[in-house]
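Heads up: the structure comes next, in structure tokens.
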Amino acid sequence: MTLKKVIHRKSAPNTESKCKEICDEESMNYIKSLQIQCRKNRATKDPLVKSNEQWDMPRVVCSCGKPGSNIISIDSCRATIKASNCHPKLTKVLPGPLNSKFPLKGMGISGRGFRVGHCAEPHAANTLLRMTNCNVSHIVFGTAFRTEDCTFRDYCLTCKATFKQLK
Ligand SMILES: [Zn+2]
């Protein structure tokens, strides 16, 4: 079973704040179904459940959308986006090659972000871009939630360097 990562809402949000609100609602729904599915997978130990169907909970979930569009894209942090699957508009704004460390030594940025293309945010944005081909700057992100306790998590340095709207 694969969890639905793209939600087609009946109506499109018309403002950024409404879009954020809907993203958060869909992230929460997603986390709930993840929790149920992970419990089921662990309980059954079904040999037919493929290894890529996530036996363990991802740590963070984030959704994104765009005002005027009814598509909400949800994703979690997991394996880095594959270059062959990365939308050219996303490739263009990434702060380094996929899976590279960020920031690199000598960039004058303190702190550490996750590897480029690893987080929930670029995964969700990549799907949205592939479906709508919108501008990266028009993407509205919801809150990044820890799946463990559904609390808010700061966007990492890599995500902030990728998406100017997260600053
Ligand atoms: Zn990040």
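As numbered in my numbering, residues 390 to 556 make up the sequence shown, in order.
Glycine included, every Cβ here is placed at the ideal spot set by N, Cα and C.
As the structure is a prediction and not an experimental result, all values here were calculated from the model.
Quick one, are the C-beta atoms of residue i and residue j less than 9 Å apart?
| i | j | result |
| --- | --- | --- |
| residue 402 | residue 454 | yes |
| residue 480 | residue 472 | yes |
| residue 470 | residue 512 | yes |
| residue 516 | residue 446 | no |
So what does residue i bridge to, in DSSP terms?
| i | result |
| --- | --- |
| residue 396 | 461 |
| residue 452 | 463 |
| residue 503 | Bridge partners of residue 503: none, in fact. |
| residue 529 | 454 |
May I ask whether a heavy atom of ligand 1 can be found less than 8 Å away from the beta carbon of residue i?
| i | result |
| --- | --- |
| residue 534 | no |
| residue 531 | no |
| residue 485 | no |
| residue 500 | no |
| residue 510 | yes |
| residue 548 | yes |
| residue 545 | yes |
| residue 541 | no |
| residue 507 | yes |
Please check the pair residue i and residue j, which I expect to be a contact at CB under 8 Å, by giving their CB distance rounded to whole angstroms.
| i | j | result |
| --- | --- | --- |
| residue 514 | residue 533 | No, residue 514 and residue 533 are not in contact; Cβ-Cβ is about 12 Å, not under 8 Å. |
| residue 487 | residue 505 | 6 Å |
Can you give me the Cβ contacts of residue i inside the same chain, cut-off strictly under 7 Å, excluding the 5 residues immediately before and after it?
| i | result |
| --- | --- |
| residue 545 | 502, 503, 508 |
| residue 400 | 459 |
| residue 556 | 549 |
| residue 404 | 456 |
Only counting the same chain, and skipping five residues up and downstream in sequence, which positions put a Cβ closer than 6 Å to that of residue i?
| i | result |
| --- | --- |
| residue 408 | 402, 454, 456, 529 |
| residue 415 | 396, 452, 461, 463 |
| residue 390 | Only weak support is given to the placement of residue 390: the predicted model assigns it a pLDDT of 48, under 50, and the value that follows is read from those uncertain coordinates. Nothing listed; no residue qualifies. |
| residue 538 | none |
| residue 523 | 455 |
Give a single yes or no on whether residue i has its beta carbon closer than 8 Å to a heavy atom of ligand 3.
| i | result |
| --- | --- |
| residue 412 | As far as ligands go, the structure on display features ligand 1 and does not contain ligand 3. |
Under a CB-based cut-off of 9 Å, is residue i close to chain D?
| i | result |
| --- | --- |
| residue 466 | Included in the structure is just one protein chain, with no chain D present. |
So, for residue i: in the same chain, excluding its five sequence neighbours on each side, which residues have a beta-carbon less than 8 Å away from its beta-carbon?
| i | result |
| --- | --- |
| residue 553 | 526 |
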